[in-house]
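The block underneath contains the structure these notes are about, expressed in structure tokens.
Protein chains in written order, with my numbering: chain A, 2 to 378; chain B, 282 to 668.
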């Protein structure tokens with residue numbers, strides 16, 4: 002009896018670290034061969050990249066101990082055999098990468114705006130935040146505060162938008178584009194599903210037109226055609242013209258995503274709302290949209306990632322975003338030839354933002370899957 | 282009063298009222314825009330109309346593989362060169378991205394942990410870095426290659442330098458036409474054989490070696506004809522003359538940068554689509570096909586892929602559309618596509634922004650519609666058919 006109850010351990014070779022290695026890396030001989038080959042490649046590559054980016058790299062001083070002020074002083078230009086990356090260019094130009102040509106005396110305003118942006122995003126990203134309601138009020142008025150803070154007015158000295166640049170422009174374009182496109186996208190999505198044929202046709206035409214042309218043609222449209230459409234005397238700011246194009250572009254994509262959410266709402270919801278005597282707008286605002294938007298948040302985040310990456314296109318029409326500052330730095334004779342360092346840095350900044358957003362959308366997807374069960378009734 | 286309210290509550294009346302209102306406002310806005318625009322155009326002395334298309338362009342296009350372009354050619358020809366360049370980079374990019382994306386998507390599901398992690402890292406990096414940045418990065422790598430004088434030589438006939446890739450240019454003689462005809466006939470007949478073999482297998486269960494017979498028809502028959510006709514094709518090799526190569530076929534770094542960046546970026550998205558598609562096929566399908574004794578490769582080809590394709594094709598279509606639209610970023614590295622050549626240089630020279638942008642947008646719209654039309658046909662052909 003005693004012997005029967007004795008718990009037998011599983012074979013060593015299928016559990017623990019050895020078991021994991023056997024199953025995942027050395028399952029059969031082709032698998033083992035691939036594993037060994039990949040390990041060999043990584044062994045060749047990783048030390049080299051670590052050496053280039055960290056161990057042999059200059060951060061502020063070169064290997065002689067001098068502070069680097071131009072590319073000739075970089076270790077890799079003094080000693081091409083041993084020198085690694087020259088991050089000093091980022092160190093020297095850091096201010097421009099983050100603020101553009103914003104006057105140094107006024108830069109505290111940008112810093113406050115960055116801080117307030119984080120504060121405004123907090124209640125949107127984290128639904129269990131204590132006092133979330135009050136934070137949300139702040140989120141709604143944040144755009145107005147940010148406008149006066151960054152642009153000037155209300156006692157602040159004016160800083161014209163051609164002095165803005167770098168991460169500031171990237172964030173302004175990304176956040177404003179997404180924030181403005183959201184309500185427009187909802188209206189377009191409702192319009193496309195409207196029973197009124199003229200309205201549904203106009204919305205469909207608009208959405209399909211915008212989705213059929215590249216963003217760059219819309220930016221050209223904003224830059225060269227928009228001034229022709231407006232009466233004399235109205236001179237639009239360059240950044241505003243680009244924002245118009247970016248918002249139009251994003252709202253069409255947002256509309257399609259929200260339409261997907263609207264289609265997932267079971268018809269019973271509409272019928273129930275109507276039977277309670279709700280009007281079209283009350284039904285949509287109180288019953289349909291809250292559910293539809295909730296299920297379309299992950300794809301909304303995904304199109305927002307796309308927009309955030311696409312803001313780099315503004316450099317083609319002469320606006321200096323993060324990538325634009327990078328290219329401007331490369332054109333400077335002091336920093337010629339440091340393209341790998343600069344592009345690596347710009348990629349890294351974009352990667353941090355977009356990867357963070359995509360992780361967030363995955364987290365939401367998981368949460369929504371367990372939270373609600375659409376159409377199961 | 283009461284009857285008035287009742288009139289407005291009438292659904293039919295309200296629908297007509299709102300729609301007329303919207304159309305009226307739209308027409309008013311349109312009228313306003315047109316009148317201010319024509320005033321602005323007159324004031325700035327900008328010509329209107331389409332006659333500028335016939336004017337000489339006055340600039341050169343460095344990359345025009347299909348049409349010979351001189352600076353005395355018209356803006357209309359700039360447009361055609363641009364469309365062909367856009368199509369060239371889009372089509373080659375789509376093909377490369379599909380192949381790479383399928384391979385990566387399958388490798389990502391490999392049981393080898395290390396390999397699948399490696400693909401995961403690649404996918405995350407290339408998806409999360411802006412495409413424009415990747416194009417510029419590839420371009421900056423390519424123009425840092427050695428100068429023409431020190432160009433790298435590969436296999437004795439290819440030369441790689443910062444001016445691009447120089448390769449021998451094939452010159453076709455008159456007899457080559459027959460070889461081409463033979464290839465086309467072989468393609469058609471192997472397609473017919475494939476259909477016939479499928480029908481026969483459905484009826485009798487007998488298999489026909491479709492793959493090897495098609496290979497034989499498409500490659501070996503034209504090859505034999507080629508030698509019978511006395512090899513009607515020769516190569517023009519690039520030769521060093523002065524500071525540059527003369528002759529041969531040259532692929533410019535702008536094109537290579539666009540091609541690499543577009544295909545690598547899109548392949549990351551396609552690999553995720555392929556992975557999701559394969560994972561959507563239920564495990565039971567794989568187990569059932571293993572139970573009836575199919576080999577691993579056959580399980581993939583006959584059971585998994587056909588079912589996965591139903592999930593894969595719709596999002597794949599939108600990736601093709603994205604790639605085509607993204608090819609407009611060639612302007613950043615000076616690739617003479619539709620936007621750079623016609624929408625950029627021609628627009629700046631003639632100043633006719635409205636006409637140029639209208640043509641560019643209309644062209645992209647028609648390309649997008651054509652792609653979705655054909656992909657919809659393909660999609661319908663692979664969807665599950667109930668018998």
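Glycine residues also receive a C-beta, built at the ideal position from the N, C-alpha and C atoms.
Test: residue i CB closer than 7 Å to a CB of chain B
| i | result |
| --- | --- |
| residue 214(A) | yes |
| residue 112(A) | no |
| residue 225(A) | yes |
| residue 324(A) | yes |
| residue 232(A) | yes |
| residue 218(A) | yes |
| residue 141(A) | no |
| residue 199(A) | yes |
| residue 375(A) | Because the pLDDT at residue 375(A) is just 46, under 50, the model does not fix this residue reliably, and the point stays unresolved. |
| residue 2(A) | Residue placement at residue 2(A) is poorly supported in this model, since its pLDDT is 48, which falls under 50; the coordinates are not used for a value here. |
| residue 276(A) | no |
| residue 344(A) | yes |
Bounding residues of the alpha helix (DSSP H) (the contiguous stretch that carries residue i)
| i | result |
| --- | --- |
| residue 68(A) | Residue 68(A) -> no alpha helix (DSSP H), and no H or E assigned at all. |
| residue 124(A) | 108-126 |
| residue 299(A) | 298-311 |
| residue 356(B) | 356-389 |
| residue 20(A) | 17-25 |
| residue 639(B) | 634-663 |
| residue 262(A) | 239-264 |
| residue 568(B) | 564-572 |
| residue 76(A) | 76-79 |
| residue 336(A) | From DSSP, residue 336(A) is part of no alpha helix (DSSP H); its letter is neither H nor E. |
| residue 1(A) | The structure shown does not extend to residue 1(A), since chain A is modelled only from 2 to 378, so the question has no answer here. |
| residue 218(A) | 216-221 |
| residue 425(B) | No alpha helix (DSSP H) contains residue 425(B), which DSSP labels as neither H nor E. |
Chain A within 7 Å of residue i, Cβ atoms only
| i | result |
| --- | --- |
| residue 645(B) | yes |
| residue 410(B) | yes |
| residue 318(B) | yes |
| residue 300(B) | yes |
| residue 479(B) | no |
| residue 642(B) | yes |
| residue 392(B) | yes |
| residue 290(B) | no |
| residue 564(B) | no |
| residue 303(B) | yes |
| residue 321(B) | yes |
| residue 388(B) | no |
| residue 284(B) | For residue 284(B), the predicted structure reports a pLDDT of 48, less than 50, and the residue's modelled location is therefore unreliable. The matter cannot be settled from this model. |
Local conformation of residue i per DSSP, three classes
| i | result |
| --- | --- |
| residue 91(A) | helix |
| residue 309(B) | helix |
| residue 441(B) | strand |
| residue 316(B) | helix |
| residue 374(A) | In this prediction, residue 374(A) has a pLDDT of 49, which is less than 50 and means its spatial position is unreliable; nothing more can be read from the coordinates. |
| residue 521(B) | strand |
| residue 322(A) | strand |
| residue 132(A) | coil |
| residue 100(A) | helix |
| residue 278(A) | coil |
| residue 331(B) | coil |
| residue 282(B) | Reliability fails at residue 282(B), whose pLDDT of 43 lies under 50, so the model's placement of it is uncertain and the value that follows must be treated cautiously. In the structure shown, residue 282(B) sits in coil (DSSP, three-state: anything other than H, G, I, E or B). |
| residue 337(B) | strand |
| residue 630(B) | helix |
| residue 625(B) | helix |
| residue 353(B) | coil |
Boundaries (first-last residue) of the beta strand (DSSP E) holding residue i
| i | result |
| --- | --- |
| residue 453(B) | 450-453 |
| residue 433(B) | 433-435 |
Residues bridged to residue i (per DSSP)
| i | result |
| --- | --- |
| residue 514(B) | 453(B) |
| residue 157(A) | 154(A) |
| residue 447(B) | 440(B), 531(B) |
| residue 397(A) | No statement about residue 397(A) is possible, as the shown extent of chain A runs from 2 to 378 and does not include it. |
| residue 579(B) | Paired residue(s): none; residue 579(B) is not in a bridge. |
| residue 394(B) | According to DSSP, residue 394(B) bridges with nothing at all. |
| residue 165(A) | 101(A) |
_Those runs of the alpha helix (DSSP H) which lie wholly inside the segment 523-557 of chain B and span at least 4 residues_ = none
_Give the list of continuous alpha helix (DSSP H) stretches no shorter than 4 residues that lie fully inside the segment 456-507 of chain B._
457-485, 491-496
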